Structures are given as structure tokens and as C-alpha cells.
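A.B. asks:
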Amino acid sequence: MPVGSAGDKAIDVVCGMSVDPASTAHHANHGGAEYHFCSAGCRTKFLADPGRYLHPEQAEPAPPPPPGTRYFCPMDQQIEQDGPGTCPICGMALEPMLPSPEDGESPELADFRRRFWWTLPLSLATMALAMAGHEFALVPAATQPWIELALSTPVVLWAGWPFLERWLQSIHNRSPNMWTLIGTGVLAAFGYSVVATVAPGVFPASFRDHGVVGVYFEAAAMIVSLTLLGQLLELKARSQTSAALKALLGLAPKTARRLREDGGEEDVELAGIHVGDRLRVRPGEKVPVDGVVVDGRSNVDESMLTGEPVPVEKSTGDRVIGATLNGTGALVMQAEKTGGDGVLSQIVQLVAQAQRSRAPMQRMADRVAYWFVLGVLAIAVATFLGWGLLGPEPAWTHAILAAVSVLIIACPCALGLATPMSIMVATGRAAQAGVLFRDAEAVETLRRVDTLVVDKTGTLTEGRPAFREVLAADPWNPDEVLRLAASLDVGSEHPLAAAIVAEARRRDMALSPAQDFESMTGAGVRGRIDGKALVLGNDALMREHGIDPSVLAPRADELRTQGATAMYLGVAGGFAGLVAVADPLKAGTAGAIRQLHASGLRIVMASGDATATAQAVARELGIDEVHGSVRPADKLALVQRLQAEGRRVAMAGDGINDAPALAAADVGIAMGTGTDVAMSSAQVTLVKGDLGGIARARAISNAAVRNMRQNLGFAFAYNALGIPIAAGVLYPFTGLLLSPMLAAAAMSLSSVSVVANALRLRLAAAAR
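FYI, full-length UniProt numbering numbers position 38 of the sequence shown as 38, with every residue one higher than the one before it.
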């Protein structure tokens with residue numbers, strides 16, 4: 001349904017808010033069609049005319065998935081098929097095993113959100129009327145059940161329809177699960193209430209209140225709304241999982257410049273690149289595919305693989321990796337690996353495989369629910385037959401009421417709230433402490449971790465070079481050595497140069513302009529300052545200019561063993577001194593490592609940096625085990641080896657190169673100061689990038705699991721006591737028969753106890 005407007009504005013057909021196509025802040029390209037967002041956040045589809053829009057639900061269907069796309073069930077991961085659908089075991093919507101960067105929001109998430117918000121007012125109105133209708137005489141007593149029926153019917157039969165379908169599917173497939181509980185509870189409360197409204201005469205007078213039979217439409221409606229809310233939270237968390245893969249897939253450039261045999265050049269889509277093609281990589285461009293350099297020299301930023309901030313020199317014969325960033329030089333390369341054979345594609349596959357390998361915590365609930373559902377249904381049937389065949393008159397009326405009471409009192413409100421309420425309170429308290437949990441599994445698992453694997457750069461260290469020290473050779477002084485080095489480095493884009501310039505400016509030094517500046521890849525820089533020839537770089541550069549740095553060589557070697565980079569400065573053919581730059585430890589890292597050791601964790605470092613540098617940092621911090629010069633697959637293999645040894649492993653990192661290991665670990669912990677891919681792959685994010693947050697998160701994890709166990713205990717104890725009473729076991733001794741109205745009250749009381757205990761967790765966690 002198009003929406004028109006004057007000028008370049010449009011009105012959103014759903015919410016009535018304005019849409020501005022001129023604004024690009026919320027503009028995305030999806031499947032070849034442009035989308036914008038209205039000021040309320042609703043996505044709308046551009047239709048060529050700036051004043052015409054469609055909502056995605058009202059526009060043509062989303063483009064179909066690429067041929068051969070495999071879908072799987074996140075809950076029952078043995079279920080795989082070509083194309084979308086629902087799981088025959090649990091009823092959950094299937095998800096693509098490898099999402100596309102162009103994929104939009106999950107259709108199931110959008111559908112459940114619409115059902116939830118459209119019917120939540122109806123559920124609340126039904127609840128309010130049920131609680132206050134009689135006391136305040138809001139409506140006539142005989143009319144109230146009909147109003148509640150009208151309010152709750154759309155909630156149960158429209159908003160709850162997906163759950164009822166899954167309930168029916170669970171019965172058809174003989175696979176009882178939580179949907180069986182929810183569907184049975186909703187239908188029992190709603191069906192009983194409909195009969196009580198339409199044919200109240202079938203019930204004895206003892207079941208009348210204010211002249212009418214008690215109804216429980218509010219219970220059926222609120223179960224649907226609460227279940228929808230839980231599903232929205234779960235689907236949102238699952239969408240963040242695929243966000244990591246989409247971000248990884250989006251790293252690769254879209255096109256490459258191919259050199260033709262006739263000497264010309266052409267831009268081609270990445271899918272059109274073949275092994276053996278010669279490609280030009282211009283300064284500032286991403287390397288399109290894996291290959292080898294055949295001409296040119298440059299520095300290439302490989303931090304997406306190694307996590308290290310210092311670019312790597314590349315020249316003829318060196319290998320380059322797709323999606324890494326070329327520096328200031330130009331390269332000609334020959335493609336060696338394309339498509340799914342490249343390193344980036346392998347990382348994507350590793351992340352996808354690791355994410356699918358985690359068993360959701362819901363598996364345990366489903367296993368319990370299988371027997372719980374069978375037991376409740378068996379008790380309800382036995383209650384119905386027992387009262388009908390052996391009970392006092394009217395026997396079959398009592399049989400129906402007792403059986404319905406069993407089903408209502410067994411409705412899984414308390415059981416369904418037991419874990420989510422604890423998780424909600426715990427994650428909220430953790431967020432205040434700077435720790436973000438992505439899902440309930442992470443809260444439960446973190447407390448059992450006994451081994452922590454940490455990346456170095458960006459996790460233990462700041463992740464960017466910083467000035468370390470300056471030394472001068474006679475007759476120079478350190479300040480002049482730093483000033484000259486910084487003056488020369490002003491013209492360099494290298495991260496090491498930026499650290500030197502930043503230190504000189506911090507000291508308010510007056511820098512001189514450099515003439516004839518030249519950067520020599522992998523060696524250093526040279527130029528003229530105040531008429532003097534200067535060179536700044538490594539040993540080879542000094543020897544090339546006849547400069548002997550031996551007087552400070554021992555200190556330079558010592559600095560290198562400590563993980564620093566030492567650069568010599570030569571002035572007018574003589575040796576002036578050295579400047580050292582290093583990636584400093586984060587403030588609080590040493591204290592955090594001591595705290596984690598004290599809690600019983602074994603600390604293992606896995607760094608893409610040189611082994612000597614990694615060992616130097618490990619010695620300073622007292623880390624138990626060190627692995628240097630590791631690539632993404634090596635980190636993943638390390639995590640898997642430790643898991644094979646029976647250890648519960650947490651992985652803490654901040655870079656794209658850490659993503660596979662973060663996804664494979666029992667708990668992945670990302671630094672909030674790191675990449676979006678790392679945070680999407682991890683289950684826990686430390687907002688401030690402070691390792692001390694892990695200790696706080698473990699304390700909250702312990703408290704939350706204790707609270708969950710208490711809540712589950714309340715829920716099962718309530719059912720253990722309530723179901724027999726609802727079935728009528730006390731009737732022969734006391735004459736007491738629990739009516740469905742009291743069963744619903746007991747059900748509500750159990751939910752209140754669970755919520756109150758979960759809120760107590762907030763105070764317990766705060767005390768820690």
C-alpha cells in the first residue's frame with residue numbers, strides 16, 4: 001500500500017511518522033532495494049518516487065535465499081534441510097547455516113513482535129477486568145465473562161496461533177516439549193472458560209461466584225503474551241549470533257581491479273576472479289583475495305587476522321590475505337585462492353561451525369518437560385476417570401472440573417518464569433557492573449570455567465603502540481633525540497610514528513618541518529630537518545648509511561625481548577640515539593590476572609604477536625602458559641584441545657582473528673573496546689575492556705545459578721503439592737475439592753514467589 005506526500009517527505013503507513021529519504025543516517029541497501037526508516041524506527045521500502053513508500057510486510061516478498069542454502073534448527077541441530085521451514089521436533093523456525101550479508105530481520109522475529117504489541121493491550125485489559133471487575137462493579141457480573149471472551153479470543157487464537165501449531169505438531173510427532181505444556185495450559189484455561197461462559201448451567205452452584213461461574217481468560221491471555229515476550233528476547237539474541245557472520249562476510253571488498261592480457265585494466269565482481277588472475281591493489285584498498293605479490297612494495301594491515309596493530313611489509317614473493325588493508329604502496333598480486341578457499345571464508349566457516357556446536361540450555365528444559373507433560377496428562381486423565389466412575393454426583397461434572405484444575409494448576413507459568421526471571425535480574429545487575437551477557441547459557445556456564453585463554457593485543461594491552469623510552473648517545477640529549485625523531489615522523493602514517501609524534505606533542509616540543517621525506521617499507525624513514533640529513537629505523541638502515549649504533553645495541557636488544565620496538569636515529573651521518581615504542585599493558589591488567597588466579601583459573605595466552613614478545617608479557621604478568629605467532633585456526637585448535645582435556649574454557653579477545661575461538665569456547669568473552677565481530681561472536685562483553693570484569697561476572701553467575709535452582713525448586717514443589725490437591729486426594733478426608741478458580745490463584749501465587757525470589761538476586765548481586 002503506497003503512501004504519498006508533498007515534497008520529499010513521506011508518511012509511514014503503519015505508525016504515521018514521517019520518512020525522510022534525504023537522510024542517509026538510517027539508509028540501508030537490502031537485496032538491491034533501498035530501505036529507509038521512519039522517525040519511529042519502522043523500516044520502509046523506497047519506490048523510486050521520493051514520496052512513495054511501502055512497508056516490507058506490504059511490499060513484494062524478500063528475495064529468496066541463494067540456491068543450495070542449508071537451514072538447521074538451533075534447538076535440535078541434527079535437523080537440516082534445503083530451504084526454510086520449521087523443526088519437526090520442537091517447532092522452531094529453521095535458520096540458515098551461513099547467513100548472507102543482505103539478509104534482513106528474521107521474519108519470525110518481525111511476526112512475533114507484531115503479534116505481541118497488537119495484543120498486549122487486550123491481555124492487560126483482560127487481566128485488569130478479571131482482577132477488579134467484580135470488586136468495583138465495572139461491568140454487570142453476567143456480562144463480564146462475555147467481555148473477557150471477546151478481549152482474550154484474538155490473543156489466544158491469533159497471537160497464540162504459532163504456539164498452538166507447535167503444540168499440535170508436538171503431539172503429532174509424539175515429541176512432548178515446552179510447547180506441549182504451553183499449548184495444554186492455554187487451551188485448558190481458555191476452553192474451560194469458554195464453556196463456563198457459553199453453557200454455565202453444566203456447573204454446580206458451588207462453582208458460582210457473584211452468580212456466574214468463574215472464568216480464567218486472563219490466565220490464557222497472559223500466558224500467550226508472556227511466552228511471546230520470551231520468544232522475542234530469544235530471537236533477538238539469536239539474531240546477534242548471525243550478526244557476527246554477516247560482519248565477517250562484509251569485510252571482503254565487492255570488486256577487484258584485474259589486469260588484462262592486452263595491458264588494460266577492468267573492475268570485476270569478486271565472484272568473477274579466478275585462480276591465476278593478476279590483480280592491482282592500490283594504496284588504501286583491501287586485498288581482494290588470497291594470493292602472492294608479483295610486483296611492488298607496501299605495508300599491509302593484517303590486524304583482522306593477527307590482531308597486531310603494526311602493518312606487515314609485503315614485497316615480491318610475499319603472500320597476502322583477502323580483506324586485509326593495503327597501506328601507502330601499490331601492489332600487483334596473483335590470485336591463488338578464491339571463493340570459499342580463502343582465509344576469510346575459512347574463518348567464517350569456523351565461526352559458523354563453532355556457533356552451531358553449542359547446545360542451547362533449553363535442551364535440559366525440554367528433557368524435563370517431556371516427562372513432566374506426560375505425567376501431568378496422565379494425572380489429568382486418571383483424575384477425570386476416577387471422579388467420573390467413582391465420585392459423588394454429579395460425578396462427570398466433578399470429573400471435568402477436577403481434570404481442568406489439574407491442567408490449570410500445572411500450567412507452566414512458574415516453571416517458565418523460573419529461569420528467565422533470574423537471568424533478567426542477573427543480566428541487569430551485570431550490566432551495571434560493566435558486563436553484558438548475551439544469553440542465559442553464558443550466565444550458567446561461566447561459573448564452571450576453570451581455564452581462561454586470553455589474547456594479548458587489545459585484551460591484556462591497549463592494542464595500539466605508545467611511547468616507551470628515549471635514549472641518547474653522546475653528545476646528544478634525550479629530548480633533542482625525541483624532537484628530531486618526531487619532526488621526521490610527522491610525515492609518516494605508520495602507527496609507530498604516530499606514537500612518537502604524540503609523545504613529543506605531549507611534552508609541548510616545537511617540531512621542525514621535514515624536507516625530502518621518504519618512507520622505506522620495512523626499514524624506516526629519512527629526510528632533512530633544519531638542513532641536516534636524518535634517518536630513523538632499524539639496524540639495516542643504519543648500516544646502509546654508514547652509522548654505527550652499537551653503543552646502544554644491548555639496550556635495544558633488551559627492549560625487544562620485552563616486546564618493544566626500538567628504532568635508531570642517525571643525524572648527519574652520526575648516531576644520535578634510539579626511541580622505543582611498545583604496546584603498553586592496560587591499567588589494572590596485572591591486578592585482574594592475580595584476582596583470576598586466586599579464583600582458581602588457569603591463564604593461557606594465545607597471541608598472534610612474535611613468541612618472544614608474548615613470552616615477555618607473560619613473564620611480567622605471571623601467566624601460566626604462552627603461545628605466540630598463532631593464527632585464528634591455531635587459537636581455535638588450542639581451545640578445542642583444552643576442551644578435549646576436560647577443561648571448561650573461556651576465551652577473552654577483541655579482534656576478528658579471535659572470533660572462531662570466541663565462538664568455540666564454552667564462554668566467549670569480548671572486550672567492549674574491540675571489534676563488532678568479536679563482540680557478536682562472544683557470549684559475554686566487558687564494556688570497558690577490563691579483565692577484572694570477568695571476576696565480577698563469575699560472582700554474578702554463581703549467584704544467578706543458585707537463584708535459578710531455587711526458583712525451579714519452588715516451581716516443582718508447587719506442582720508436587722498443587723497437582724494432587726487439584727486432583728482431589730484430600731476430598732475423602734476433608735471434603736475439600738479445589739476449584740479451577742483456586743487453582744488459578746495458586747498458579748499466580750507460584751509465579752509471584754518465583755518473581756520475588758529473582759528480585760532478591762538483585763540485592764544479593766549488589767552486595768557482592
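The C-beta atom is built at its ideal place from N, Cα and C for all residues, glycine as well. For clarity, every value in this text was computed on a predicted model and none was experimentally measured.
Helix, strand or coil: which one does DSSP assign to methionine 361?
C.D. replies: Indexing the sequence shown from 1 puts residue 361 at position 361. For methionine 361, the predicted model reports a pLDDT of 44, less than 50, meaning its position is unreliable and no value from the coordinates is stated.
A.B. asks: Let's see if you can read the secondary structure: which residues bound the alpha helix (DSSP H) around alanine 442?
C.D. replies: Along the sequence shown, one-based indexing puts residue 442 at 442. Element bounds for alanine 442: 440 to 446.
A.B. asks: Pick out whichever of Leu164, Leu691, Thr153, Trp118 has its Cα sitting closest to the Cα of glutamate 218.
C.D. replies: Start at 1 with the first residue of the sequence shown, and residue 218 comes out as number 218. It is Thr153 whose Cα lies nearest to the Cα of glutamate 218.
A.B. asks: Cα separation between alanine 430 and arginine 114?
C.D. replies: The residue given as residue 430 occupies position 430 in the sequence shown. The residue given as residue 114 occupies position 114 in the sequence shown. Straight-line Cα distance between these residues: approximately 30 Å.
A.B. asks: Going along the chain, which residues of its own chain have a beta-carbon closer than 7 Å to the beta-carbon of residue 783, five neighbours each way excluded?
C.D. replies: Since the displayed the chain opens at 1 and closes at 768, residue 783 lies outside it and no answer follows.
A.B. asks: Per DSSP, what are the beta-bridge partners of tyrosine 71 in this structure?
C.D. replies: On the sequence shown, residue 71 is found 71 positions in, with the first residue counted as 1. Listed as beta-bridge partners of tyrosine 71 by DSSP are Gln81, Pro96.
A.B. asks: Could you tell me the alpha carbon to alpha carbon distance between methionine 361 and cysteine 73, rounded to whole angstroms?
C.D. replies: Residue numbering aside, residue 361 sits at position 361 when the sequence shown is read from its first letter. Residue numbering aside, residue 73 sits at position 73 when the sequence shown is read from its first letter. Only weak support is given to the placement of methionine 361: the predicted model assigns it a pLDDT of 44, under 50, and the question is left unresolved by the model.
A.B. asks: Verify whether the separation of the beta carbon atoms of alanine 472 and methionine 509 is less than 8 Å.
C.D. replies: The residue given as residue 472 occupies position 472 in the sequence shown. The residue given as residue 509 occupies position 509 in the sequence shown. Not closer than 8 Å, so no.
A.B. asks: Is it right to say lysine 456 is buried, meaning 16 or more other beta carbons lie within 10 angstroms of its own, or is it exposed?
C.D. replies: Translated into positions along the sequence shown, residue 456 becomes position 456. Buried: at least 16 other Cβ atoms inside 10 Å.
A.B. asks: For arginine 696, which residues of its own chain have a beta-carbon under 7 Å away from its beta-carbon, when the five flanking residues on both sides are left out?
C.D. replies: Locating residue 696 in the sequence shown gives position 696, counting from the first residue. So the list reads Ala433, Val435, once near-sequence residues are dropped.
A.B. asks: Counting Cβ pairs, one atom from each stretch, are 3 or more of them under 8 Å apart for the region 701 to 708 and the region 475 to 490?
C.D. replies: no
A.B. asks: Should the region 326 to 337 be called in touch with the region 269 to 279, which here means at least 3 C-beta pairs below 8 Å?
C.D. replies: Using a Cβ-Cβ distance cut-off of 8 Å, the region 326 to 337 and the region 269 to 279 are in contact, since at least three pairs of beta carbons, one from each stretch, lie closer than that value.
A.B. asks: Looking only at DSSP bridge pairs, what is histidine 627 linked to?
C.D. replies: Within the sequence shown, numbered from 1, the residue matching residue 627 stands at position 627. DSSP output for histidine 627 lists Ala606 as bridge partner(s).
A.B. asks: With a 10 Å radius around its C-beta and 16 neighbouring C-beta atoms as the bar for buried, classify alanine 758 as buried or exposed.
C.D. replies: The residue labelled residue 758 in the question sits at position 758 within the sequence shown. Burial call: buried.
A.B. asks: Quick check: what's the CA-CA separation for alanine 756 versus aspartate 341?
C.D. replies: Position 756 of the sequence shown holds residue 756. Position 341 of the sequence shown holds residue 341. Cα to Cα, the separation comes out at about 54 Å.
A.B. asks: Skipping 5 residues on each side, what residues in its chain have a beta carbon closer than 6 Å to that of alanine 442?
C.D. replies: On the sequence shown, residue 442 is found 442 positions in, with the first residue counted as 1. Cβ neighbours of alanine 442 beyond the five flanking positions: Val667, Gln683, Val684.
A.B. asks: Am I right that proline 513 and proline 465 are in contact with their C-beta atoms under 8 Å? What's the rounded C-beta distance?
C.D. replies: For the purposes of this step, residue 513 is taken as the residue at position 513 of the sequence shown. For the purposes of this step, residue 465 is taken as the residue at position 465 of the sequence shown. Wrong, their Cβ atoms sit about 24 Å apart, outside the cutoff.
A.B. asks: Could you have a look at glutamate 336 and say whether DSSP puts it in helix, strand or coil?
C.D. replies: Start at 1 with the first residue of the sequence shown, and residue 336 comes out as number 336. Three-state result, glutamate 336: strand.
A.B. asks: From Asp609, Leu691, Ile409, pick the residue whose C-alpha is nearest to that of alanine 720; which is it?
C.D. replies: Residue mapping note: residue 720 aligns to position 720 of the sequence shown, counting from 1. Checked all of Asp609, Leu691, Ile409; the closest Cα to alanine 720 is Ile409.
A.B. asks: Whether or not the region 546 to 557 and the region 519 to 533 are in contact is what I'm after, with contact meaning three or more pairs of Cβ atoms, one per stretch, closer than 8 Å; do they touch?
C.D. replies: no
A.B. asks: Determine, using beta carbons only, whether leucine 691 and threonine 613 come nearer to each other than 8 Å.
C.D. replies: Locating residue 691 in the sequence shown gives position 691, where the first residue counts as 1. Locating residue 613 in the sequence shown gives position 613, where the first residue counts as 1. Not in contact: leucine 691 and threonine 613 (Cβ atoms no closer than 8 Å).
A.B. asks: By the three-class DSSP mapping on this structure, what secondary structure does threonine 184 have?
C.D. replies: As a first step, residue 184 is located in the sequence shown; it is residue number 184 there, counting from the start. It is helical.
A.B. asks: Counting Cβ pairs, one atom from each stretch, are 3 or more of them under 8 Å apart for the region 531 to 550 and the region 569 to 578?
C.D. replies: Three or more Cβ pairs closer than 8 Å define a contact, and the region 531 to 550 meets that threshold against the region 569 to 578.
A.B. asks: Suppose only complete runs of 3+ residues qualify. What are the beta strand (DSSP E) ranges in the region 562 to 619, listed by chain order?
C.D. replies: 565 to 571, 574 to 582, 602 to 606
A.B. asks: Go through its chain and collect everything with a Cβ distance to glycine 160's Cβ below 7 Å, but skip five positions before and after it.
C.D. replies: On the sequence shown, residue 160 is found 160 positions in, with the first residue counted as 1. Same-chain partners within the cutoff: Val186, Val224.
A.B. asks: Determine, using beta carbons only, whether tryptophan 179 and phenylalanine 163 come nearer to each other than 8 Å.
C.D. replies: As a working note, residue 179 is residue 179 in the sequence shown. As a working note, residue 163 is residue 163 in the sequence shown. Yes, the Cβ-Cβ distance between tryptophan 179 and phenylalanine 163 is below 8 Å.
A.B. asks: What does a CB cutoff of less than 8 Å around valine 729 pick up in its chain, not counting 5 residues either side in sequence?
C.D. replies: Within the sequence shown, the letter at position 729 stands for residue 729. Result list for valine 729: empty, nothing under 8 Å.
A.B. asks: Using a threshold of 8 Å, state whether the C-beta atoms of alanine 335 and glycine 291 are closer than that.
C.D. replies: Locating residue 335 in the sequence shown gives position 335, where the first residue counts as 1. Locating residue 291 in the sequence shown gives position 291, where the first residue counts as 1. For alanine 335 and glycine 291, yes; Cβs fall inside 8 Å.
A.B. asks: Alpha carbon to alpha carbon, what distance is there between leucine 270 and lysine 254?
C.D. replies: Here residue 254 corresponds to residue number 254 of the sequence shown, with the count starting at 1. Here residue 270 corresponds to residue number 270 of the sequence shown, with the count starting at 1. Leucine 270 has its alpha-carbon roughly 6 Å from the corresponding atom of lysine 254.
A.B. asks: Let me make sure I understand the geometry here. Which of Leu157, Val156, Ile182 has the alpha-carbon closest to that of tryptophan 167?
C.D. replies: Walking along the sequence shown from the start, residue 167 turns up at place 167. Ranking the options by Cα distance to tryptophan 167, first place goes to Ile182.
A.B. asks: Using 10 angstroms around the beta-carbon of serine 550, count the other beta-carbons present and answer buried if the total reaches 16, otherwise exposed.
C.D. replies: Taking the first residue of the sequence shown as position 1, residue 550 is located at position 550. Per the 10 Å Cβ criterion, exposed.
A.B. asks: Who are the Cβ neighbours of glycine 491 in its own chain at under 6 Å, not counting the five residues just before and after it?
C.D. replies: Taking the sequence shown and counting its residues from 1, one reaches residue 491 at position 491. Once the five neighbours on either side are set aside, the close Cβ partners of glycine 491 are Ala514, Phe517.
A.B. asks: Could you spell out where the alpha helix (DSSP H) holding phenylalanine 714 opens and where it closes?
C.D. replies: Along the sequence shown, read from residue 1 onward, the residue named residue 714 stands at position 714. Taken as a continuous stretch (DSSP letters only), the alpha helix (DSSP H) holding phenylalanine 714 covers 692 to 727.
A.B. asks: Enumerate, from N- to C-terminal direction, the unbroken alpha helix (DSSP H) stretches of 4 or more residues contained entirely within the region 442 to 528.
C.D. replies: 478 to 489, 495 to 506
A.B. asks: Who does leucine 686 pair with in a DSSP beta bridge?
C.D. replies: The residue you call residue 686 lines up with position 686 of the sequence shown. DSSP output for leucine 686 lists Val435, Met671 as bridge partner(s).
A.B. asks: Among the candidates Ala440, Arg438, Leu536, Ser519, whose CA atom is the shortest distance from the CA of arginine 483?
C.D. replies: For the purposes of this step, residue 483 is taken as the residue at position 483 of the sequence shown. Residue Leu536 is the option with its Cα nearest to arginine 483.
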